[in-house]
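*Asks:*
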Amino acid sequence: MRRAAVLGSPIAHSLSPALHAGAYAALGLDGWTYTAIECDEAALPGLLAACDDGWAGLSLTMPLKRAVLPMLDRTDPLAAAVGGANTVVFGDGERRGYNTDVPGMVAALGEAGVARGAPGVTAPRGATILGAGATACAALAALAEIGLPAAVVQVRDKARAAGLLAAARRLGMAVELRPFGSPVRDGDLLVSTVPAGAADFYAERAHGASFRPAWVLDVVYHPWPTPLARAGARSGAAVVGGFDLLLHQAARQVELMTGIAPAPLDAMRAAGQAELTRRRRAPGGRPPGTPGACCR
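In our numbering, each residue carries its 1-based index in the sequence shown increased by 14.
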């Protein structure tokens with residue numbers, strides 16, 4: 015028996031168990047399980063200490079992504095750069111931390127035609143990020159991967175952007191902070207890393223020349239489509255949803271935890287979509303807990 019889980023608070027709504035279970039079934043890993051465990055920062059050290067040799071790994075949501083860093087034996091350069099690890103892999107008596115949000119975002123954008131130096135895809139001219147949390151830091155790293163040297167970041171409180179600015183320095187990215195709610199006129203890629211409902215203001219203002227991105231990435235996956243996603247589609251943008259990001263980052267987690275690559279992406283996609291369909295048909299059409307975002 016091999017165990018894995020996603021940790022967070024609240025976490026009951028997480029789509030990760032469906033994605034990972036779909037991967038295990040496709041890979042024939044009958045003895046593997048993946049569950050959602052309620053865990054806050056205070057409980058994290060004890061839970062990590064209780065993970066014995068039967069544990070393969072853990073997926074982490076905020077604020078655990080940052081809190082776990084000093085508890086790891088090794089951290090990959092990407093997790094160190096963005097200041098957060100969303101994946102812990104156990105092996106050889108060590109806890110190894112990784113960040114799969116960044117490659118997940120790069121892969122999801124690549125499916126929408128955004129990349130650097132590849133045939134049939136295009137690097138954006140510039141980007142605006144909404145939010146300054148851990149997912150925004152991952153977005154900065156993803157933008158660096160696709161060749162952007164700078165980004166505009168809209169925040170409600172500049173004092174809470176210290177972690178993002180530190181990540182930008184480590185990544186060699188130039189960041190211009192602007193007030194949350196400012197017009198989005200810079201570049202052709204808009205990345206919303208804020209919770210469901212927080213970006214609705216932008217959708218309400220989406221008209222004419224003030225909203226003409228070529229790509230919109232909204233990290234929310236349920237409910238979907240969000241008002242921002244609908245506004246982006248109406249304006250002619252290619253829209254990338256949180257489900258796509260969650261899928262690709264989970265696929266990388268499966269590879270790290272099982273040692274099997276490539277992960278069965280199609281099977282994971284089908285499992286995740288089936289779970290979302292089940293939730294939409296449930297009374298109220300919403301999962302328990304908080305609306306879903308990419309990190310869960």
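The beta carbon of each residue, even a glycine, is placed where N, CA and C say it ideally should be.
None of these values were measured; they are calculated from a predicted model.
Closer than 8 angstroms is the cut-off here; do at least three beta carbon pairs connect the stretch 86–98 with the stretch 193–203?
*Replies:* Output reads no: the stretch 193–203 does not touch the stretch 86–98.
*Asks:* Candidates 197, 164, 146 and 226: which alpha carbon is nearest residue 186's?
*Replies:* The option with the nearest alpha carbon to residue 186 is 164.
*Asks:* Quick check on the burial criterion: 16 or more other C-beta atoms within 10 angstroms. Buried or exposed for residue 115?
*Replies:* Classification of residue 115: buried, given that the 10 Å Cβ count is 16 or more.
*Asks:* Are residue 97 and residue 181 closer than 7 angstroms when you measure CB to CB?
*Replies:* Yes.
*Asks:* Under a Cβ-count criterion, where at least 16 other Cβ atoms within 10 Å of its own Cβ denotes burial, should residue 286 be classed as buried or exposed?
*Replies:* Buried, since its Cβ has 16 or more Cβ neighbours within 10 Å.
*Asks:* What would DSSP say about residue 142, mapped onto helix, strand or coil?
*Replies:* In the structure shown, residue 142 sits in a strand (DSSP, three-state: E or B).
*Asks:* Alpha carbon to alpha carbon, what distance is there between residue 173 and residue 274?
*Replies:* So the two alpha carbons sit approximately 42 angstroms from each other.
*Asks:* By how many angstroms is the C-alpha of residue 297 removed from the C-alpha of residue 240?
*Replies:* Cα to Cα, the separation comes out at about 20 angstroms.
*Asks:* Determine the closest residue to residue 75 out of 69, 63, 65 and 50, with distance taken between C-alpha atoms.
*Replies:* Comparing Cα-Cα distances from residue 75 to each of 69, 63, 65 and 50, the minimum goes to 50.
*Asks:* Alpha carbon to alpha carbon, how far is residue 38 from residue 103?
*Replies:* Roughly 16 angstroms between the two C-alpha positions.
*Asks:* Using the Cα positions of residue 146 and residue 237, report the straight-line distance between them to the nearest angstrom.
*Replies:* Residue 146 and residue 237: Cα-Cα distance of roughly 22 angstroms.
*Asks:* Do residue 175 and residue 262 have their beta-carbon atoms positioned less than 7 angstroms apart in this structure?
*Replies:* No.
*Asks:* Do residue 33 and residue 282 count as a contact pair if the criterion is CB distance below 7 angstroms?
*Replies:* The answer is yes: Cβ separation under 7 angstroms.
*Asks:* Tell me whether residue 121 sits in a helix, a strand or coil according to DSSP, three-state version.
*Replies:* Looking at residue 121 - three-state DSSP - the assignment turns out to be helix.
*Asks:* Should residue 139 go down as buried or exposed, given a rule of 16 or more other Cβ atoms within 10 Å for buried?
*Replies:* By the 10 Å Cβ count, residue 139 comes out exposed.
*Asks:* Determine the direct distance from the alpha carbon of residue 160 to that of residue 101, and round the result to whole angstroms.
*Replies:* So the alpha carbons of these two residues sit roughly 22 angstroms apart.
*Asks:* Taking 7 angstroms as the threshold (C-beta atoms), are residue 207 and residue 150 in contact?
*Replies:* Cβ atoms of residue 150 and residue 207: closer than 7 angstroms.
*Asks:* Restricting to Cα atoms, I'd like to know which of 144, 148 and 56 is closest to residue 198.
*Replies:* Among 144, 148 and 56, the Cα nearest to that of residue 198 belongs to 144.
*Asks:* Tell me, to the nearest whole angstrom, how far the beta carbon of residue 95 is from that of residue 120; I am working on the premise that it is less than 8 angstroms.
*Replies:* Contact doesn't hold; Cβ gap of about 14 angstroms is too wide.
*Asks:* Return the first residue and the last residue of the beta strand (DSSP E) that residue 206 is part of.
*Replies:* Segment 203–206, the beta strand (DSSP E) holding residue 206.
*Asks:* In chain order, what residues of the same chain have a beta carbon less than 6 angstroms from the beta carbon of residue 302, not counting five sequence neighbours either side?
*Replies:* With a pLDDT of only 43 at residue 302, under the threshold of 50, the placement of this residue in the model should not be trusted, and no figure is reported.
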